[in-house]
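K.L.:
Okay, handing you the structure first.
In this note's numbering, the protein residues as written are 71 to 589.
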């Protein structure tokens, strides 16, 4: 659309931009990225977040009513997000349905007129035909219509409409509140399985498109951002900085919805994630794509498109592909015994619910999710209530937990009996009485903590006859020491990490007990 700007002319009478016989609404919801909505006789078409949005005009509307509605919407759509085209299309469709029903039942003799929409009884009839989620848009549409027509008292019907309850329930809130097994928050065990599934993999073991989709899942889990935000991240979004603690990396993420147009924020991400993204961008299919010069994660195509090897997907397409990516792997939930269903929305629910479990304040959760609605975050707090939180999730709040279905997700090593002293022993670093609990089978130097990271590592050999309870006691003591040093009521990320470490140790203890036939 950039090429159109120089040749377009503004028609003041019609309040539209024109070019070669075509008419457009200039939408400046995001002033830095204006959108041109093309105006046709039967439909209006715009593009938002790489996705086409369409408003279809019902053919049965009264011409005068259609004319006033069109002018009202042209003015409204200069400053509201283009995705409202579809909402408004749905409202107009229900208005036409209510009109047809009223004619069939003999309550009106002809299509609705502008004057009819000043009548609270008629508007109430239309209100009943509109789904609760779209009723706020009808309320705004009627107010705009009356103001644009310049007839009658604006307050006569609009004030009454303000007292009508839309009964718009946040359906997702109930899914969160009741820990819906397919769309609600993941449990701790399911979350650990997700982390494993999306962990970094060797390039040769992963197709370029699978790599892109896995990265989207990793970014979503790290930052709890929406699919549309991740799809809009620009090519130069990664930042590396030297600090007193070493190199730190962050990602510049665009804001959307009510925050669209505000300055993009840099958000911290693990170095491993930044390197995973950079490895993806170095793939030949990605590096050679012109789209890679604009966006961070172009989607590698399964076929060559006009000489390019990647496409710019919409959020809708990405959501569908992410579901397919996860479904193809048939990752089983320890909670349901069925393949896990995964969406970016579910990842956001999970992150927020687990923040609530750590005691994070309501306002902080709202800020992390970038919610405009201050009430939405209440669902995550309430989901941790005693009547809804699954029993096995409550038990897992204590270090180590008490349910093997949870612990098994954290213990990644193997049970073994050494034939000879290990070359790389893993020791409980208790100054009074150190104990060997296992060995590292990687055969290479390891940069992470030799006890805290071992039980969740696939290279760890947990010795069958070792005293793993000593390791658990040591970790619990370290967690208590850390908690005392922090001196705060909310559980920090460090304490959450202690939980995961202890759960892995308890998993090893249980695995050995099962081998021996113990309860």
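Note that the Cβ used here is the ideal one computed from N, Cα and C, for glycine as well. All values reported here derive from a predicted model rather than from experimental measurement.
1. Thinking residue 415 and residue 450 are a contact (beta carbons under 8 angstroms), I'd like their distance in whole angstroms, please.
2. Between the region 94-110 and the region 147-156, do three or more beta carbon pairs fall short of 8 angstroms?
3. Going by alpha carbons, who is nearest to residue 91 out of 82, 105, 109, 83?
4. Would you tell me roughly how many angstroms separate the C-alpha atoms of residue 232 and residue 408, rounded to the nearest one?
5. Could you give the uninterrupted runs of the alpha helix (DSSP H) lying entirely in the region 130-175, keeping only those of 4 residues or more?
6. Taking just the CA atoms, how far does residue 78 sit from residue 198?
7. When the Cα of residue 81 is compared with those of 488, 125, 144, 136, which residue comes out closest?
8. What whole-angstrom Cβ distance do residue 344 and residue 319 have, given they're in contact under 8 angstroms?
9. In angstroms, rounded to a whole number, what distance separates the CA positions of residue 435 and residue 296?
10. To the nearest angstrom, how far is it from the Cα of residue 294 to the Cα of residue 323?
11. Which same chain residues, not among the five before or five after residue 353, have their C-beta less than 8 angstroms away from its C-beta?
12. Work out the CA separation of residue 275 and residue 425 for me, nearest whole Å.
13. Is the distance from the Cβ of residue 131 to the Cβ of residue 155 below 7 angstroms?
14. Quick check on residue 84: buried or exposed, where buried means 16 or more other Cβ atoms within 10 Å of its Cβ?
15. Tell me the residue span of the alpha helix (DSSP H) that contains residue 191.
16. So who's on the other strand from residue 116, going by DSSP bridges?
17. Quick one: what does DSSP say residue 304 is sitting in, helix, strand or coil?
18. In the DSSP assignment, the alpha helix (DSSP H) including residue 421 goes from what residue to what residue?
19. Among 438, 413, 162, which residue has its Cα nearest to the Cα of residue 208?
20. Considering only residues of the region 335-419, which uninterrupted beta strand (DSSP E) runs meet the minimum length of 3 residues and lie entirely inside it, listed in chain order?
21. Cα separation between residue 290 and residue 584?
22. Can you name the start and end residues of the beta strand (DSSP E) that residue 447 belongs to?
23. Against chain D, does residue 148 count as a neighbour if the rule is that its beta carbon must be under 7 angstroms from one of theirs?
24. Quick one: is residue 185 buried, meaning 16 or more other Cβ sit within 10 Å of its Cβ, or exposed?
25. Check this for me: beta carbons of residue 153 and residue 118, under 7 angstroms apart or not?
26. Mind reading off the beta-carbon distance from residue 549 to residue 568? Whole number of angstroms is fine, and I expect it under 8 angstroms.
27. To the nearest angstrom, how far is the alpha carbon of residue 333 from that of residue 571?
28. Answer with buried or exposed for residue 64, where buried requires no fewer than 16 other C-beta atoms within 10 angstroms of its C-beta.
29. Using CA coordinates, which residue listed in 385, 524, 141, 256 is at the minimum distance from residue 594?
30. I'd like to confirm the pairing. Which residues does DSSP put opposite residue 89 in its beta bridges?
31. Could you check if residue 355 is buried or exposed, using at least 16 other CB atoms within 10 Å of its CB as the buried criterion?
32. For residue 397, count neighbouring Cβ atoms within 10 angstroms of its own Cβ and tell me buried if that reaches 16, exposed if not.
33. Is residue 587 near residue 525, with beta carbons less than 7 angstroms apart?
34. Counting along the chain, where does the beta strand (DSSP E) carrying residue 512 start and finish?
P.N.:
Result, derived from the coordinates:
1. By 1-based counting over the chain shown, the position of residue 415 is 345. By 1-based counting over the chain shown, the position of residue 450 is 380. Incorrect: roughly 13 angstroms between the Cβ atoms, too far for contact.
2. Flag = yes, the region 94-110 and the region 147-156 touch.
3. What you label residue 91 is simply residue 21 of the chain shown in a count that begins at 1. Considering only alpha carbons, the answer is 109.
4. By one-based count along the chain shown, residue 232 stands at place 162. By one-based count along the chain shown, residue 408 stands at place 338. Taking the straight line from one Cα to the other gives about 46 angstroms.
5. List check, alpha helix (DSSP H) in window: 133-146, 154-174.
6. For the purposes of this step, residue 198 is taken as the residue at position 128 of the chain shown. For the purposes of this step, residue 78 is taken as the residue at position 8 of the chain shown. So the alpha carbons of these two residues sit roughly 42 angstroms apart.
7. Start at 1 with the first residue of the chain shown, and residue 81 comes out as number 11. Ranking 488, 125, 144, 136 by CA distance to the CA of residue 81 puts 144 first.
8. Here the question's residue 344 lines up with position 274 in the chain shown. Here the question's residue 319 lines up with position 249 in the chain shown. So it is a contact: roughly 4 angstroms between Cβ atoms.
9. By one-based count along the chain shown, residue 435 stands at place 365. By one-based count along the chain shown, residue 296 stands at place 226. Those two C-alpha atoms are separated by around 15 angstroms.
10. Counting from one through the chain shown, the residue named residue 294 turns up at place 224. Counting from one through the chain shown, the residue named residue 323 turns up at place 253. If you take the alpha carbons of residue 294 and residue 323, they lie about 11 angstroms apart.
11. If you number the chain shown from 1, residue 353 lands on position 283. If the five residues before and after residue 353 are omitted, its C-beta is found closer than 8 angstroms to the C-beta atoms of 273, 278, 281, 370, all from its own chain and listed in chain order.
12. If you number the chain shown from 1, residue 425 lands on position 355. If you number the chain shown from 1, residue 275 lands on position 205. Roughly 33 angstroms between the two C-alpha positions.
13. By 1-based counting over the chain shown, the position of residue 131 is 61. By 1-based counting over the chain shown, the position of residue 155 is 85. No.
14. Stepping through the chain shown from its first residue, residue 84 is reached at position 14. Exposed, because fewer than 16 other Cβ atoms sit within 10 Å of the Cβ of residue 84.
15. The sequence position of residue 191 within the chain shown is 121, counting from 1. Its alpha helix (DSSP H) spans residues 190-199.
16. As a working mapping, residue 116 is identified with position 46 in the chain shown. Paired residues: 123.
17. In the chain shown, the residue the question calls residue 304 occupies position 234. In the structure shown, residue 304 sits in a strand (DSSP, three-state: E or B).
18. Residue 421 sits at position 351 when you count from the first residue of the chain shown. Where residue 421 is concerned, the enclosing alpha helix (DSSP H) stretches over 414-427.
19. Sequence index remark: in the chain shown, residue 208 carries index 138 (1-based). It is 162.
20. 335-339, 369-375, 378-381
21. Here residue 290 corresponds to residue number 220 of the chain shown, with the count starting at 1. Here residue 584 corresponds to residue number 514 of the chain shown, with the count starting at 1. Residue 290 and residue 584: Cα-Cα distance of roughly 36 angstroms.
22. Residue numbering aside, residue 447 sits at position 377 when the chain shown is read from its first letter. Counting along the chain, residue 447 falls outside any beta strand (DSSP E), and DSSP gives it neither H nor E.
23. No chain D appears in the structure shown, which is made up of a single protein chain.
24. On the chain shown, residue 185 is found 115 positions in, with the first residue counted as 1. Exposed, by the Cβ-count rule.
25. Taking the first residue of the chain shown as position 1, residue 153 is located at position 83. Taking the first residue of the chain shown as position 1, residue 118 is located at position 48. Contact flag set, yes.
26. To locate residue 549, count along the chain shown from 1; it is residue 479. To locate residue 568, count along the chain shown from 1; it is residue 498. With 8 angstroms as the limit, residue 549 and residue 568 qualify as a contact, their Cβ atoms being about 4 angstroms apart.
27. Position 263 of the chain shown holds residue 333. Position 501 of the chain shown holds residue 571. Going from the Cα of residue 333 to the Cα of residue 571 covers about 38 angstroms.
28. Nothing in the structure corresponds to residue 64, since the chain is present only between 71 and 589.
29. This structure leaves residue 594 out entirely; the chain is present only between 71 and 589.
30. Here the question's residue 89 lines up with position 19 in the chain shown. Beta-bridge pairing links residue 89 to 92.
31. For the purposes of this step, residue 355 is taken as the residue at position 285 of the chain shown. With 16 or more other Cβ atoms within 10 Å, it is buried.
32. Your numbering for residue 397 matches position 327 in the chain shown. So residue 397 counts as exposed.
33. For the purposes of this step, residue 587 is taken as the residue at position 517 of the chain shown. For the purposes of this step, residue 525 is taken as the residue at position 455 of the chain shown. Result no, Cβ atoms of residue 587 and residue 525 do not sit closer than 7 angstroms.
34. Here residue 512 refers to the residue found at position 442 of the chain shown. Here residue 512 belongs to no beta strand (DSSP E), and DSSP marks it neither H nor E.
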